[in-house]
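Asker: Okay, handing you the structure first.
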């Protein structure tokens, strides 16, 4: 709502030659200055090192332009943003045979597990299968009471795991289904198991990067990658300087580690600045929509619940191409549709939610979810055919509450149960729920009628019959600023009774422009 090369250390890529054999080491450069240059060459577009500093930064940290307050041309900003988006893959391409290891945390009394292990394993398997050429060849659910320890598992379980993984030559990597691994944990596990180990954060982030289409989504992914680079920095620098005497850049008084940390901070600042520029453009578009007074319906739901398919069915937009995979939608898009009342609304497709979505991703994509807070209505789509539909609902509602949305917006939310064609004889037991099959077209008219009533209530629009003169501009104004439902012409009076749906602000303008 995520034979294998090493865990993609930017600028220090290590290639696995064969399973069970250590990767070839990169020879340490003979001096710090050459070390800096060597690492910089390995990262395309970043002169300063693997974590970049963006355009305009020299190796000594100075800026190539004078005056920090000087306004940069827009095309220069575009080029700088493109440089920020350059980076090496987080995961290797090609066929990978994955051993999925799920730590089944046994909580103490009074601390029940929030989700069942079976669901978490199924979700992790779906994440792996989202990756092209990746497949799960073994699944191990291992109990642990020490998830916060360095090796996560107890001594006996860890030894058993190690024996099974090392004894399975078909395994090329391990997906450890935890949110984040500390760098020391990753190092120890890879040394013990002889294969690369990835956590949920890295897998989900890689899927995000693959599915990001717009510049904003790509920048948000780049921002979410910063903590990953930061956690890997110490180990990479230690490896680079193994056997090297001085750790300082000649004449700068700054160590290589300090330099890389500073460049990483500056890159993060540049990404946030670029996102702020795009956020301002988003606000401008939102104001334009507000001026035209199109009601906005944010469509939310657990990833792969069928949001995009439902929007396509409601709007008839043939250009929308849903994909049957997790996180197919990362870029917020708006699609116009017409309700039975003839009112035009905008359906906003949002990023899918996920249980235990890494916090760094939630923070990075918070700007994307701003559109939900500014919508008139929320449409919560649920995959009712999923065996853990109730747990998915709890995860979505928890995420929405975390966004601190207005209480009236949450209270007016419309819930739709999708994919009822996969559940023969399905009938919802909950009140105020609309069952549909977006793929088969079942229940769409009932849903549109429900949305009609909900939008009218949420926006405070009125249904009025207004007497207008046919010779004036009143009728054309109403067609432009309101939703005209019916026109009853009275020829002898040169007038017409017009039934409209109109907002309070538009009705006030109408009375001001056409008094009497």
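Residue numbers (the numbering used here): 3 to 518. C-beta atoms are modelled at their ideal positions from N, C-alpha and C, and glycine is treated no differently.
1) Could you check the C-alpha separation between residue 353 and residue 127 for me, to the nearest Å?
2) Going by other Cβ atoms of all chains shown within 10 Å of its Cβ, with 16 needed for buried, is residue 197 buried or exposed?
3) What does residue 162 pair with, by DSSP beta-bridge criteria?
4) Hey, how far is the Cα of residue 449 from the Cα of residue 418?
5) Suppose you measure from the CA of residue 272 to the CA of residue 222; what does that come to, to the nearest Å?
6) Would you call the CB atoms of residue 383 and residue 301 closer than 8 Å?
7) Taking C-beta to C-beta, are residue 159 and residue 144 nearer than 8 Å?
8) Is residue 373 buried or exposed, if buried means 16 or more other CB atoms sit within 10 Å of its CB?
9) What separation, rounded to the nearest whole angstrom, lies between the Cα atoms of residue 154 and residue 259?
10) Identify whether residue 200 lies in helix, strand or coil by the three-state DSSP scheme.
11) By DSSP's criteria, residue 154 is part of a beta bridge. Which residues make up the other side?
12) Evaluate residue 403 with the Cβ neighbour count: other Cβ atoms within 10 Å of its Cβ, from every protein chain shown; 16 or more gives buried, anything less gives exposed.
13) Have a look at residue 152 and residue 187 and give me their C-alpha separation to the nearest angstrom.
14) Going by DSSP, what residues sit across from residue 177 in a beta bridge?
15) Using the three-state DSSP reduction, which class does residue 107 fall into: helix, strand or coil?
16) What does the alpha-carbon distance come out to for the pair residue 195 and residue 176?
17) Residue 433 to residue 262, Cα distance in whole Å?
18) To the nearest angstrom, how far is it from the Cα of residue 211 to the Cα of residue 220?
19) Using a Cβ-Cβ cutoff of less than 7 Å, which residues in the same chain neighbour residue 173 once the five nearest sequence positions on both sides are dropped?
20) Checking the sheet assignment: what are the DSSP bridge partners for residue 490?
21) Within 10 angstroms of its Cβ, does residue 209 collect 16 or more other Cβ (buried), or is it exposed?
22) I'd like the list of long-range same chain contacts for residue 296, defined as Cβ closer than 8 Å, with 5 residues on each side in sequence excluded.
23) Tell me residue 417's beta-bridge partners as DSSP assigns them.
24) In the structure shown, what three-state DSSP assignment does residue 172 receive?
25) Is the Cβ-Cβ distance between residue 441 and residue 311 less than 8 Å?
26) Please report the straight-line C-alpha distance between residue 514 and residue 216, rounded to a whole angstrom.
27) In the structure shown, what three-state DSSP assignment does residue 353 receive?
28) Can you tell me the Cα-Cα spacing of residue 412 and residue 381, whole angstroms?
29) With a Cβ-Cβ cutoff of 8 Å, do residue 532 and residue 379 count as a contact?
30) When you compare the CB positions of residue 436 and residue 386, do they come within less than 8 Å of one another, or not?
31) Under 8 Å between the Cβ atoms of residue 489 and residue 475?
32) Express the C-alpha separation of residue 487 and residue 458 in angstroms, rounding to a whole number.
33) What distance in whole Å lies between the Cβ atoms of residue 207 and residue 226, which are believed to be in contact at a cut-off of 8 Å?
34) Less than 8 Å separating the beta-carbons of residue 496 and residue 471?
35) Within a Cβ cutoff of 8 Å, which residues of the same chain sit near residue 414, ignoring the five residues on either side of it in sequence?
36) According to the neighbour-count rule (16 or more other Cβ atoms, all chains shown, within 10 Å of its Cβ), is residue 485 buried or exposed?
Answerer: Considering the structure as presented:
1) Position 351 of the chain shown, counted from the start, is the residue given in the question as residue 353. Position 125 of the chain shown, counted from the start, is the residue given in the question as residue 127. Rounded to the nearest angstrom, the two C-alpha atoms are 20 Å apart.
2) Residue numbering aside, residue 197 sits at position 195 when the chain shown is read from its first letter. It counts as buried.
3) Stepping through the chain shown from its first residue, residue 162 is reached at position 160. Note: residue 162 sits in no beta bridge, so no partner.
4) For the purposes of this step, residue 449 is identified with residue 447 of the chain shown, where counting begins at 1. For the purposes of this step, residue 418 is identified with residue 416 of the chain shown, where counting begins at 1. So the two alpha carbons sit approximately 8 Å from each other.
5) Against the chain shown, residue 272 aligns to sequence position 270. Against the chain shown, residue 222 aligns to sequence position 220. Cα-Cα distance, rounded: 12 Å.
6) For the purposes of this step, residue 383 is identified with residue 381 of the chain shown, where counting begins at 1. For the purposes of this step, residue 301 is identified with residue 299 of the chain shown, where counting begins at 1. At the C-beta level, residue 383 and residue 301 come within 8 Å of one another.
7) Taking the first residue of the chain shown as position 1, residue 159 is located at position 157. Taking the first residue of the chain shown as position 1, residue 144 is located at position 142. Taking 8 Å as the Cβ cut-off, residue 159 and residue 144 qualify as a contacting pair.
8) As a first step, residue 373 is located in the chain shown; it is residue number 371 there, counting from the start. With 16 or more other Cβ atoms within 10 Å, it is buried.
9) Working through the chain shown from its first residue, we reach residue 154 at position 152. Working through the chain shown from its first residue, we reach residue 259 at position 257. Their Cα atoms are separated by approximately 29 Å.
10) Along the chain shown, read from residue 1 onward, the residue named residue 200 stands at position 198. Three-state DSSP puts residue 200 in a strand.
11) Taking the first residue of the chain shown as 1, we reach residue 154 at position 152. Answer is none; residue 154 lacks a bridge partner.
12) Within the chain shown, the letter at position 401 stands for residue 403. Answer is exposed; the Cβ neighbour count stays below 16.
13) For the purposes of this step, residue 152 is taken as the residue at position 150 of the chain shown. For the purposes of this step, residue 187 is taken as the residue at position 185 of the chain shown. About 5 Å.
14) As a first step, residue 177 is located in the chain shown; it is residue number 175 there, counting from the start. According to DSSP, which records beta bridges pairwise, residue 177 is partnered with 102, 200.
15) Here residue 107 corresponds to residue number 105 of the chain shown, with the count starting at 1. It is a strand residue.
16) Here residue 195 refers to the residue found at position 193 of the chain shown. Here residue 176 refers to the residue found at position 174 of the chain shown. Rounded to the nearest angstrom, the two C-alpha atoms are 9 Å apart.
17) Here residue 433 is taken as the residue at index 431 of the chain shown, counted from 1. Here residue 262 is taken as the residue at index 260 of the chain shown, counted from 1. If I take the Cα positions, the gap works out to 57 Å.
18) The residue given as residue 211 occupies position 209 in the chain shown. The residue given as residue 220 occupies position 218 in the chain shown. Their Cα atoms are separated by approximately 7 Å.
19) In the chain shown, residue 173 corresponds to position 171, counting from 1. Counting only Cβ-Cβ distances below 7 Å, and skipping sequence neighbours, we find 99, 101, 139, 140, 167, 197.
20) Counted from its first residue, the chain shown places residue 490 at position 488. Within the DSSP secondary-structure output, residue 490 pairs in a beta bridge with 499.
21) Position 207 of the chain shown holds residue 209. Its Cβ being crowded by 16 or more others within 10 Å, residue 209 is buried.
22) If you number the chain shown from 1, residue 296 lands on position 294. Only 338, 346, 347, 348 meet the Cβ criterion.
23) Counted from its first residue, the chain shown places residue 417 at position 415. Per DSSP, 382, 435.
24) For this step, residue 172 is matched to residue 170 along the chain shown. Coil.
25) Position 439 of the chain shown holds residue 441. Position 309 of the chain shown holds residue 311. In this structure, the beta-carbon distance from residue 441 to residue 311 falls below 8 Å.
26) As a first step, residue 514 is located in the chain shown; it is residue number 512 there, counting from the start. As a first step, residue 216 is located in the chain shown; it is residue number 214 there, counting from the start. So the alpha carbons of these two residues sit roughly 42 Å apart.
27) By one-based count along the chain shown, residue 353 stands at place 351. In the structure shown, residue 353 sits in coil (DSSP, three-state: anything other than H, G, I, E or B).
28) By 1-based counting over the chain shown, the position of residue 412 is 410. By 1-based counting over the chain shown, the position of residue 381 is 379. One C-alpha to the other measures close to 10 Å.
29) Given a span of 3 to 518 for the chain in the structure shown, any question on residue 532 remains unanswerable.
30) In the chain shown, counting from the first residue as 1, residue 436 sits at position 434. In the chain shown, counting from the first residue as 1, residue 386 sits at position 384. No.
31) Locating residue 489 in the chain shown gives position 487, counting from the first residue. Locating residue 475 in the chain shown gives position 473, counting from the first residue. Going by C-beta atoms, residue 489 is not nearer than 8 Å to residue 475.
32) Reading the chain shown from its first residue, position 456 is the one you call residue 458. Reading the chain shown from its first residue, position 485 is the one you call residue 487. Rounded to the nearest angstrom, the two C-alpha atoms are 14 Å apart.
33) Here the question's residue 226 lines up with position 224 in the chain shown. Here the question's residue 207 lines up with position 205 in the chain shown. Right, their Cβ atoms sit about 6 Å apart.
34) As a working mapping, residue 496 is identified with position 494 in the chain shown. As a working mapping, residue 471 is identified with position 469 in the chain shown. Yes, they are a contact pair.
35) The residue labelled residue 414 in the question sits at position 412 within the chain shown. 379, 380, 456, 459, 460.
36) As a first step, residue 485 is located in the chain shown; it is residue number 483 there, counting from the start. Buried is the call here.
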